[in-house]
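Single-structure report; data block below.
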């Protein structure tokens, strides 16, 4: 998929990056763009969709994780379908990992049933995989977000889909050098049995040096996303939130966060050319906000989260003023309550970042994201979501009449979305029936005699030996290994 930017490119270039650094793959951008992944290491094949508690089933994803911690690894898929996890899938990959979902022959891979936790990892490349937990067989709450990634570094997540979690669909913080690009984050579950009550949270996106660009967030009541702030591990935050599309959130502000929790912390955010489109779940207030900047009681000019807000668009007649002056789209009530004006939070120029980021206008980003975001080939769920964004509609409805918040003593609470087709859902199966988890078929499995991740036909065409697995790590053009060149050509 080539990305054709028809708009004038805006270059945010402050410091040049050394030519010796190798991009994770062509098209990788932002702080995580130079993740090495499993470059130069072994190849492990996932050959079935089975799961157990200890990873003893050869060819399963859990088995592949167990075999991938001691050296750089690329995990490839020889099967398509749903991998229903029996328990949390944990992997701490300190040597580097590429999780190459684009290798699945057929309709692709979806991981469901439990959280995938990659906390503490270094050099991760994750591409073209769907992470959707859902509920258990009894339609009960499953703990955790679809993907958890904390205390990690040099991570890039590209063209993935995240949804149907009872916690945030993605939880990422205390990280360094992170990029999430061209992903879809959709339909966090609202009244699904969480002990803290209703959720439907999109994502918690943080990190000390973090880039989030060209993502689609749709049908999430709140935390769409939550900007994790300056804290112990994320002390001096440089944050890029650029060219994202947000649709049908449930509050006046889709996103919030950016709090400073430590006395000498800083938070600098480039919030540029994002597109916001209210949908059926939006409260319809005349006051809408791009984001709310939280304040945790620490005062002083140097401890104020700083935002450069430019080129963002909020659809709707009532929002014309904030489209002309983006600073009006920052909810600063928490600061104003301690006598810090909104103007103190607004930067007049973009913050300097140590790389080039290619930026489209918000309108062009809207078109590009709807065309290209998410795991490919797209399934019927992603196709439905994109269609609803375009039409300004929703098909999902609440199916839980009342929910309990165990932090409160007032018993059960009425679900404001019960029976209402507003896109905020409690249970995928009840909301969408047979179309909740679609079937992913396996077809056209290529012959790979030496199990090096490259099909025999491709090796023959490119002058390699299909009986010699070592040639996967030969360096080809542009500095990539032959395996990487193949992976980058699949889609």
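Numbering (mature numbering (1 follows the signal peptide of the UniProt record, and there is no 0)), first residue to last: -23 to -1, 1 to 468. Quick reminder that beta carbons are idealized off the backbone N, C-alpha and C, glycines included.
(request) Would you check if the stretch 71 to 89 and the stretch 100 to 111 touch, i.e. whether three or more CB-CB distances between them fall below 8 Å? (result) These segments touch.
(request) Give, in chain order, every unbroken run of the alpha helix (DSSP H) that is at least 4 residues long and sits entirely within the stretch 228 to 274. (result) Listed in chain order, nothing qualifies, since the stretch 228 to 274 has no complete alpha helix (DSSP H) run of 4 or more residues.
(request) Identify, in the order they occur along the chain, each residue of the same chain with its Cβ nearer than 8 Å to the Cβ of residue 423, setting aside the five sequence neighbours on each side. (result) Here the set comprises 82, 432, 433, 434 and 435.
(request) Report the three-state DSSP secondary structure of residue 286 (helix, strand or coil). (result) Note: residue 286 maps to strand in three-state DSSP.
(request) Measure the alpha-carbon distance for residue 53 versus residue 20 and round it to whole angstroms. (result) For residue 53 and residue 20, the distance between alpha carbons rounds to 7 Å.
(request) Keeping to the same chain, check which residues put their C-beta closer than 8 Å to that of residue 173; ignore five residues upstream and five downstream. (result) Leaving aside the five residues that flank residue 173 on each side, the residues in its chain whose CB is nearer than 8 Å to its CB run, in chain order, 382, 383 and 384.
(message) Pop quiz: residue 193 and residue 201 are said to be a contact at Cβ under 8 Å. What is the actual Cβ separation, rounded to whole angstroms?
(response) The C-beta distance from residue 193 to residue 201 rounds to 11 Å, too long to fall under 8 Å, and the pair is not in contact.
(message) Quick check on DSSP: helix, strand or coil for residue 225?
(response) The answer is coil: DSSP assigns residue 225 none of H, G, I, E or B.
(message) Taking 7 Å as the cut-off, is the beta-carbon of residue 330 closer than that to any non-hydrogen atom of the ligand MN?
(response) Inclusion of the ligand MN in the displayed structure is not the case, the ligand content being empty and no account of it being possible.
(request) Using alpha carbons as the reference points, say which of 334, 456 and 44 lies closest to residue -3. (result) With distances taken between Cα atoms, residue -3 lies closest to 456.
(message) Taking its Cβ as the centre, do 16 or more other Cβ atoms sit within 10 Å of residue 463, making it buried, or is it exposed?
(response) With 16 or more other Cβ atoms within 10 Å, it is buried.
(message) Short of 6 Å in beta carbon distance, which residues of its chain neighbour residue 221, apart from the five on each side in sequence? Order them along the chain.
(response) Taken in chain order, the residues that qualify are 192 and 251.
(request) Would you kindly work out how many angstroms separate the C-alpha atoms of residue 84 and residue 352, rounded to a whole number? (result) If you take the alpha carbons of residue 84 and residue 352, they lie about 10 Å apart.
(message) Residues in the same chain with beta-carbon distance under 8 Å from residue 69, minus the five sequence neighbours each way, listed in chain order, please.
(response) Answer for residue 69: 46, 95, 96, 97 and 98, listed in chain order.
(message) Pull the bridge partners of residue 188 from the DSSP assignment, please.
(response) For residue 188, the beta-bridge partners assigned by DSSP are 156 and 217.
(message) Please classify residue 346 as buried or exposed, where buried requires at least 16 neighbouring CB atoms within 10 angstroms.
(response) Burial call: buried.
(request) Could you check what DSSP says for residue 399 in three-state terms: helix, strand or coil? (result) It is coil, neither helix nor strand.
(request) Would you give the residue range spanned by the beta strand (DSSP E) that residue 124 belongs to? (result) Run containing residue 124: 124 to 127, per the beta strand (DSSP E) assignment.
(request) List the whole-angstrom C-beta distance separating residue 215 from residue 328, where the pair is believed to meet the contact cut-off of C-beta under 8 Å. (result) With a Cβ gap of about 7 Å, residue 215 and residue 328 count as contacting.
(request) Count the other C-beta atoms from every protein chain shown that fall within 10 angstroms of the C-beta of residue 389, then say buried if there are 16 or more, exposed otherwise. (result) By the 10 Å Cβ count, residue 389 comes out exposed.
(message) Can you tell me whether residue 182 is helix, strand or coil according to DSSP?
(response) Looking at residue 182 - three-state DSSP - the assignment turns out to be strand.
(request) Can you tell me the Cβ-Cβ gap for residue 235 and residue 133, rounded? I've got them flagged as a contact below 8 Å. (result) Incorrect: roughly 22 Å between the Cβ atoms, too far for contact.
(request) Return the first residue and the last residue of the alpha helix (DSSP H) that residue 366 is part of. (result) Here the alpha helix (DSSP H) through residue 366 covers 357 to 368.
(request) State the DSSP-derived secondary structure class of residue 344, mapped to helix, strand or coil. (result) Residue state for residue 344 is assigned as helix, using DSSP reduced to three classes.
(request) Give the secondary structure of residue -12 by DSSP, where H, G and I count as helix, E and B as strand, and everything else as coil. (result) The predicted position of residue -12 is uncertain, since its pLDDT is 38 and thus under 50; a value taken from the coordinates is nonetheless stated next. Residue -12: coil per DSSP, three-state reduction.
(request) Would you kindly check if the distance between the Cβ of residue 25 and the Cβ of residue 12 is under 8 Å? (result) No, the pair does not count as a contact, with Cβ atoms beyond the cut-off.
(request) Run the CB neighbour count on residue 91, radius 10 Å, all protein chains shown included, and call it buried at 16 or more, exposed below. (result) Flag for residue 91 reads buried.
(request) Decide yes or no for the touch test of the stretch 397 to 406 against the stretch 244 to 259: beta carbon pairs closer than 8 Å, at least 3 of them. (result) Three or more pairs of CB atoms, one per stretch, sit closer than 8 Å, so the stretch 397 to 406 contacts the stretch 244 to 259.
(request) List the endpoints of the continuous alpha helix (DSSP H) containing residue 462. (result) Membership of residue 462 in the alpha helix (DSSP H) is indicated by the continuous run 459 to 466.
(message) By the DSSP assignment, the alpha helix (DSSP H) with residue 433 in it spans what residues?
(response) Judged by DSSP secondary structure, residue 433 falls within the alpha helix (DSSP H) whose first and last residues are 433 to 438.
(message) According to DSSP, residue 148 sits in a beta bridge with which residue or residues?
(response) Beta-bridge pairing links residue 148 to 125 and 181.
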